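Chemist: Protein chains in written order, with the numbering used here: chain Z, 911 to 1025; chain C, 33 to 145.
Before we start, here is the structure in question, set down as structure tokens.
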């Protein structure tokens, strides 16, 4: 069975500081992809970053980077220089390539940025 | 706007009524997905289409739920005889055949009274 675990229900961070959102996963599939999505209060799921299980380097997209530690089965999201607009729910997710369709989501972390 | 669109954005209905939601994916995307999200949880997969073919359905999709994608473009999700437990956000997503990420629409929030 596949599972995503996010152990931080909520986090508060001072503006301009870096923040790490934790994510661990479990799958027996050797080939999989890991995702992070942002969901602001408006409700739309916004794709942030993707990491393939065979990618040698950690993925980066602007201020977002994914700290991928395959042996530990962790895929933490790092946001550098946080901004007020980063306040939102953040979901870690996974898709095993044996299942060409569904993405399994974690329960999310609510990030609040303090001015 | 060329993103995924969903209509209506909000729907309030009485228990026992039928409701239908529509999703228009990104035009060049062949794959379309429906998810359900309840308060405080991440989205849960409901069903998946490749072109017009429905290839996978979750056990969450009871026989009161039906989804179609008749011409491989837009999709509809119908819930018959709605129950209060059906109250949730219904999200649609699409992806390209060889794409990794799924792009989500704004969702339809259903409230069953």
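Note that the Cβ used here is the ideal one computed from N, Cα and C, for glycine as well.
What you are looking at is a predicted structure, and each value in this text was computed from that prediction instead of being measured.
(1) Let me check understanding here. Comparing Cα to Cα, which of 144(C), 46(C), 63(C) and 69(C) lies closest to residue 100(C)?
(2) Going by the CB atoms, is the gap between residue 976(Z) and residue 1000(Z) shorter than 8 Å?
(3) Go through its chain and collect everything with a Cβ distance to residue 969(Z)'s Cβ below 8 Å, but skip five positions before and after it.
(4) Compute the distance between the beta-carbons of residue 123(C) and residue 57(C), then report whether it is under 8 Å.
(5) Just mark residue 948(Z) as buried or exposed, buried being the case when its beta carbon has 16 or more other beta carbons within 10 Å.
(6) Tell me whether residue 118(C) sits in a helix, a strand or coil according to DSSP, three-state version.
(7) Checking contacts by CB at 8 Å: is residue 132(C) closer than that to chain Z?
(8) Beta carbons nearer than 7 Å to chain Z: which residues of the segment 63-89 of chain C have them?
(9) Let me check one thing: in DSSP terms, what residues is residue 1000(Z) bridge-paired to?
(10) Excluding the 5 residues flanking residue 945(Z) on each side, which residues of the same chain have their C-beta closer than 6 Å to its C-beta?
(11) When DSSP builds the beta bridges, which residues end up paired with residue 89(C)?
(12) Let me check understanding here. Comparing Cα to Cα, which of 145(C), 84(C) and 120(C) lies closest to residue 106(C)?
(13) How is residue 64(C) classed by DSSP in three states: helix, strand or coil?
(14) Check the Cβ-Cβ distances between residue 139(C) and every residue of chain Z, and say whether any is below 8 Å.
(15) Do the segment 925-940 of chain Z and the segment 43-50 of chain C make contact, defined as three or more Cβ pairs closer than 8 Å?
(16) Please identify the residue among 1016(Z), 964(Z) and 1018(Z) whose C-alpha is closest to the C-alpha of residue 980(Z).
(17) If we cut at 8 Å on Cβ distances, does residue 978(Z) have a partner in chain C?
(18) Spatial neighbours of residue 133(C) within its chain, please: CB distance less than 8 Å, with the 5 preceding and 5 following residues excluded, ordered by chain position.
(19) Tell me the DSSP secondary structure of residue 104(C) in three-state form.
(20) Taking only beta-carbon atoms, is residue 136(C) less than 8 Å away from chain Z?
(21) Residue 954(Z) versus chain C: which residues are under 8 Å apart at the beta carbon?
Modeler: Inspection of the coordinates gives the following:
(1) 63(C)
(2) no
(3) 959, 960, 961, 975, 976 and 978
(4) If you check the CB distance, residue 123(C) and residue 57(C) do not come in under 8 Å.
(5) buried
(6) helix
(7) yes
(8) 65, 73, 74, 75, 77, 80, 87 and 88
(9) 948(Z) and 1019(Z)
(10) 960 and 1003
(11) Residue pairing by DSSP puts residue 89(C) in a beta bridge opposite 79(C).
(12) 84(C)
(13) In the displayed model, residue 64(C) falls within a strand according to three-state DSSP.
(14) yes
(15) no
(16) Nearest C-alpha to residue 980(Z): 964(Z).
(17) no
(18) 127
(19) Coil, per DSSP.
(20) yes
(21) 136, 137, 138 and 139
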